[in-house]
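A.B. asks:
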Amino acid sequence: MAIKYDFHMHTKYSDGKSTMEENVKEAIKKDLHIIAITDHGPGHLVYGIKERDILKLREEVNDLQRKYPQIQILLGIEANILGADGKIDLTDLVEENIDILIAGYHFGSRPSKFCRDMRIHMYNLLGLKIKYFRNKIVNENTMALINAMEKYNIDVLTHPGDKGKVDIDLVAQVAAKTGTKLEINERHTHLTVEEIKIAMKYDVKFIISSDAHFYEHIGVYNDALNRVKEAGLDLRRVVNYEGDK
Ligand SMILES: [Zn+2]
Ligand SMILES: [Zn+2]
50 MAIKYDFHMH TKYSDGKSTM EENVKEAIKK DLHIIAITDH GPGHLVYGIK ERDILKLREE
110 VNDLQRKYPQ IQILLGIEAN ILGADGKIDL TDLVEENIDI LIAGYHFGSR PSKFCRDMRI
170 HMYNLLGLKI KYFRNKIVNE NTMALINAME KYNIDVLTHP GDKGKVDIDL VAQVAAKTGT
230 KLEINERHTH LTVEEIKIAM KYDVKFIISS DAHFYEHIGV YNDALNRVKE AGLDLRRVVN
290 YEGDK
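Numbering-wise, the working numbering comes out as the position in the sequence shown, counting from 1, plus 49.
#1: Is there at least one non-hydrogen atom of ligand 1 closer than 7 Å to the beta-carbon of GLU244?
#2: Curious, which full-length alpha helix (DSSP H) runs of at least 4 residues does the region 112-144 contain?
#3: Take LYS212 and list the residues in its own chain whose beta-carbon comes closer than 7 Å to its own, dropping the five residues that flank it on each side.
#4: Would you tell me roughly how many angstroms separate the C-alpha atoms of GLU145 and LYS246, rounded to the nearest one?
#5: Quick one: measure Cβ to Cβ for HIS237 and GLU127, integer angstroms, because I've assumed they're closer than 8 Å.
#6: Can you tell me which of the three DSSP states HIS89 falls into?
#7: Bridge partners of SER258, per DSSP?
#8: How is the alpha helix (DSSP H) around GLY153 delimited, first residue to last?
#9: Considering only the alpha carbon of each residue, which of ASP102, ARG101 and ILE122 lies closest to ASN111?
#10: So, for VAL220: in the same chain, excluding its five sequence neighbours on each side, which residues have a beta-carbon less than 7 Å away from its beta-carbon?
#11: Kindly indicate the opening and closing residues of the alpha helix (DSSP H) around LEU284.
#12: Taking three-plus beta-carbon pairs below 8 Å as touching, is the region 90-110 in contact with the region 175-191?
#13: Taking DSSP as the reference, what is the three-state secondary structure of TYR181?
#14: Between ILE257 and chain C, is any beta-carbon pair separated by less than 8 Å?
#15: Closest to ILE149 by CA distance: which of SER67, GLN119, TYR201 and PRO118 is it?
#16: Using only alpha-carbon positions, find the residue among ALA225, MET167, ARG115 and SER161 that is nearest to ILE137.
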């Protein structure tokens, strides 16, 4: 396996099905060198962690790190991009306790500004079936991602374009400027081949993630790698790829 680290996976602390230790053991088995445990941020109304849980997560990661020194274990969160202003659910307590910040847009997150951002959720939900709504909300979705990247030090923008259509050309231009890595997610179909082709015109870095919700899915990147190949993306631009390039 040429992907040596995975910076996006969930555990039972949010909507994952496995424990942190099961994830760690699987990552060791699959010969990964570094993993980041990235449960959903507290702004998700259904499966976000409670803000104070971050202390428990920190302690558990520290304990596991002592027990399994052969792998580096980072603690992160997958923050929710809450609205068109780019606000995310990163509190001081969470920020002080994490090593890495990844962020993406999800349904079910608490709006930053109620009417404006509920409209975004509603249009994106309707947009799953109806093209009119999908196209009508592209601008707001794009601004949400761009503003988030400009406001915060986000390491990885997760599954851009999933759950809400974005102008990937504009997103990629800003990601190149802020140094935010664009994710090619194994579990979701984004970035798609078409989106990779557009983003790769700019000086953007890419990362492949499992977004595993079950330990066995860690270290499996078939679909993501196929998309990279189909788009003709140079593997040297995928930061966690260490195989033959
Ligand atoms: Zn996500
Ligand atoms: Zn995720």
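Beta carbons are placed, not taken as given, at the ideal position from N, Cα and C, and that holds for glycine.
C.D. replies: The short version:
#1: Translated into the one-based positions of the sequence shown, residue 244 becomes position 195. No.
#2: none
#3: Counted from its first residue, the sequence shown places residue 212 at position 163. So the list reads TYR154, HIS155, PHE156 and ASN173, once near-sequence residues are dropped.
#4: Position 96 of the sequence shown, counted from the start, is the residue given in the question as residue 145. Position 197 of the sequence shown, counted from the start, is the residue given in the question as residue 246. The straight-line gap from Cα to Cα measures roughly 36 Å.
#5: Start at 1 with the first residue of the sequence shown, and residue 237 comes out as number 188. Start at 1 with the first residue of the sequence shown, and residue 127 comes out as number 78. With 8 Å as the limit, HIS237 and GLU127 do not qualify as a contact, their Cβ atoms being about 12 Å apart.
#6: In the sequence shown, the residue the question calls residue 89 occupies position 40. Strand.
#7: Position 209 of the sequence shown, counted from the start, is the residue given in the question as residue 258. DSSP, once it has assigned bridges, lists ASN234 as partnering SER258.
#8: Counting from 1 along the sequence shown, the entry for residue 153 is found at position 104. Where GLY153 is concerned, there is no enclosing alpha helix (DSSP H), although the beta strand (DSSP E) it sits in stretches over 149-153.
#9: For the purposes of this step, residue 111 is taken as the residue at position 62 of the sequence shown. Ranking ASP102, ARG101 and ILE122 by Cα distance to ASN111 puts ILE122 first.
#10: Translated into the one-based positions of the sequence shown, residue 220 becomes position 171. Answer for VAL220: THR191, LEU194, ILE195 and PRO209, listed in chain order.
#11: Working through the sequence shown from its first residue, we reach residue 284 at position 235. Neither: LEU284 is in no alpha helix (DSSP H) and is coded neither H nor E.
#12: no
#13: On the sequence shown, position 132 is the one that residue 181 refers to. Residue state, collapsed to three classes: helix.
#14: Note that chain C does not occur in the displayed structure, where there is just one protein chain.
#15: Along the sequence shown, one-based indexing puts residue 149 at 100. Selected option, being the one with the closest Cα: TYR201.
#16: Numbered from 1 along the sequence shown, position 88 holds the residue referred to as residue 137. Ranking the options by Cα distance to ILE137, first place goes to SER161.
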